[in-house]
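J.:
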Amino acid sequence: MNDILPNYQNRIATAISLIFHPAVVGVPTLLAILNEMSFTEILGWTILILGILLVPNVILQLVLQRRGRFIYQRGTRKPLYIVGWLSVFTCLVILVVLNAPRVLVACLLALLAWIPAQLIINQLLTKISIHTAVISGCLTGLLVLGKLDTPFLKVLAVIILILTAWARMETKNHTLAQVALGALVGSLPVLIVFPLVLS
1302 MNDILPNYQN RIATAISLIF HPAVVGVPTL LAILNEMSFT EILGWTILIL
1352 GILLVPNVIL QLVLQRRGRF IYQRGTRKPL YIVGWLSVFT CLVILVVLNA
1402 PRVLVACLLA LLAWIPAQLI INQLLTKISI HTAVISGCLT GLLVLGKLDT
1452 PFLKVLAVII LILTAWARME TKNHTLAQVA LGALVGSLPV LIVFPLVLS
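For the sequence shown, this note's numbering assigns the number 1302 to the initial residue and increments by one for each residue that follows.
#1: Pull up the distance between the alpha-carbon of I1383 and that of L1420, whole angstroms please.
#2: When you compare each of L1355, L1332, I1353 and L1354 to L1344 by their alpha carbons, which one comes out closest?
#3: Going along the chain, which residues of its own chain have a beta-carbon closer than 8 Å to the beta-carbon of T1472, five neighbours each way excluded?
#4: Determine the contact status of T1427 and L1482, defining contact as a CB-CB distance below 9 Å.
#5: Note down, one range per segment and in chain order, each alpha helix (DSSP H) of at least 4 residues found wholly within the segment 1411 to 1490.
#6: Measuring only the C-alpha atoms, how far is L1381 from C1392?
#7: Measuring CA to CA, which of V1486, S1430 and I1305 is closest to A1418?
#8: My output table needs one value for Y1309: the three-state DSSP class, helix, strand or coil.
#9: Between L1355 and A1324, how many whole angstroms is the CB-CB distance? I'm expecting something under 8 Å.
#10: Output yes or no for whether 9 Å exceeds the beta carbon distance between L1412 and G1447.
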């Protein structure tokens, strides 16, 4: 697998990639989803979920980097997807045991379906964009849940997705096809899982 070295000379594109990093966008998404709960409940669920989902992958990335393997390399992503899926499954079990709000269970089930799709495409076809997949999934979830309830918020969501896609292409992390595929694969599990779980 030949991987192009990313180019971060464009500071705006680099900043956008960082602002809308998959590990970052989960925070405002969860806050928006849980905004009708008390502050303590929001804080508790957010820390629990993000801790279980992010910590194992961050540790794995650090270990891989020490071995000279980086996330921009397509071949490096397989263990990250596997650990990510196991983290999501573990988190889902814990949420069910704790009788978490159904919307959180729906989010985890969508992630559980999304990760294998990303992995298969990454292994067999191309280095699909995680950035656009996560952004697309989060925004689709907020749309389905009625959180993007004004024209301004809907337009803003589209702009965020387009900017993220542009940034990933501008920094040479992905091609147009890879970011478009990411956006599609990120949104489909949400569109399928949410109606089934929340109806």
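Here a beta-carbon is modelled for each residue, glycine too, at the ideal position from N, C-alpha and C. Computed from a predicted structure; not experimentally measured.
T.: Per the coordinate set shown:
#1: 8 Å
#2: L1332
#3: P1307, N1308, Y1309, N1311, A1314, T1315 and S1318
#4: yes
#5: Complete alpha helix (DSSP H) runs here, min 4: 1431 to 1445 and 1452 to 1471.
#6: 16 Å
#7: Selected option, being the one with the closest Cα: V1486.
#8: Here DSSP, grouped into helix, strand and coil, assigns Y1309 to coil.
#9: 6 Å
#10: no
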